[in-house]
Amino acid sequence: MKKPLILIVLAAILVLAGCAKSTSNKASGNNMNHSDMNMNHSTSSGAPAGLKEAQNPAFPVGSQAVIQADHMPGMKGAQATIVGAYSTTVYAVSYTPTTGGNPVKNHEWVIHEDIKDAGSEALKPGAEVILETDHMPGMKGATATIDSAEETTVYMVDYKPSTGGEIVKNHKWVTESELSTK
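See the structure below:
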């Protein structure tokens, strides 16, 4: 094996070993959710190219909202600042990380613009796609199956976890139904 490949494999193993939470308490042993893995949101960049800003979103950019979703520990109940509001199709997807490990089931959310060669029409549940996003280790380049699809407004938010810790910047994605007013 070449040295760079060995280093990449070792780095991936260290990241997964240090960040992944045990799933041994799961009955199936392979049904992960967002709280089971370290997500990359605090280092996320801006919105993907071509994403359309929402017209008259319920939560305008700069406004405050309370997160009702629990994608990550400390998310539910956290106060968020809206950084971006976009009109798109959101998907829940299931995939096996490119870095190995157990399959991730029903990951919420991947947007249409996060899918390789998605085209202009919304994809249907059951479609097989290639992910172009890196919300979690091993997501980029993974083959995924669309579990559900919904046209809606999605939000990128900054928030301080309700469990403490540093502010999470550019968290992707929260749907309109996962936010509420103060």
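Following the working numbering from start to finish, the sequence shown increments by one per residue and tops out at 244.
Ideal Cβ placement from N, Cα and C applies to all residues, glycine included.
Alpha carbons only, please: which of L113, G108, S107 is nearest the one belonging to A180?
Measuring from the Cα of A180, the nearest candidate turns out to be L113.
For H169, which residues from the same chain have a beta carbon less than 6 Å from its beta carbon, with the 5 sequence-adjacent residues on both sides left out?
V155, listed in sequence order.
Nearest CA to the CA of G162: which residue from M198, V219, T214, E238?
Nearest Cα to G162 within the set M198, V219, T214, E238: M198.
Cβ-Cβ distance between A189 and I208 below 7 Å
A distance below 7 Å separates the beta carbons of A189 and I208.
Near S125, what residues of its chain come up, given a Cβ to Cβ distance below 6 Å and the 5 sequence neighbours on each side ignored?
Taken in chain order, the residues that qualify are I144.
How far does the beta strand (DSSP E) with N232 in it reach, from first residue to last?
230–237 is the extent of the beta strand (DSSP E) around N232.
If you follow the beta strand (DSSP E) that G141 is in, where does it begin and where does it stop?
Before going further, note that residue 141 is Gln rather than Gly in the sequence given. Residues 141–157.
Give the range of the beta strand (DSSP E) segment to which E213 is assigned.
Start and end: 205–221.
Per-residue burial, P159 [other beta carbons within 10 Å of its own, 16 or more giving buried]
By the neighbour-count rule (16 or more Cβ atoms within 10 Å), P159 is buried.
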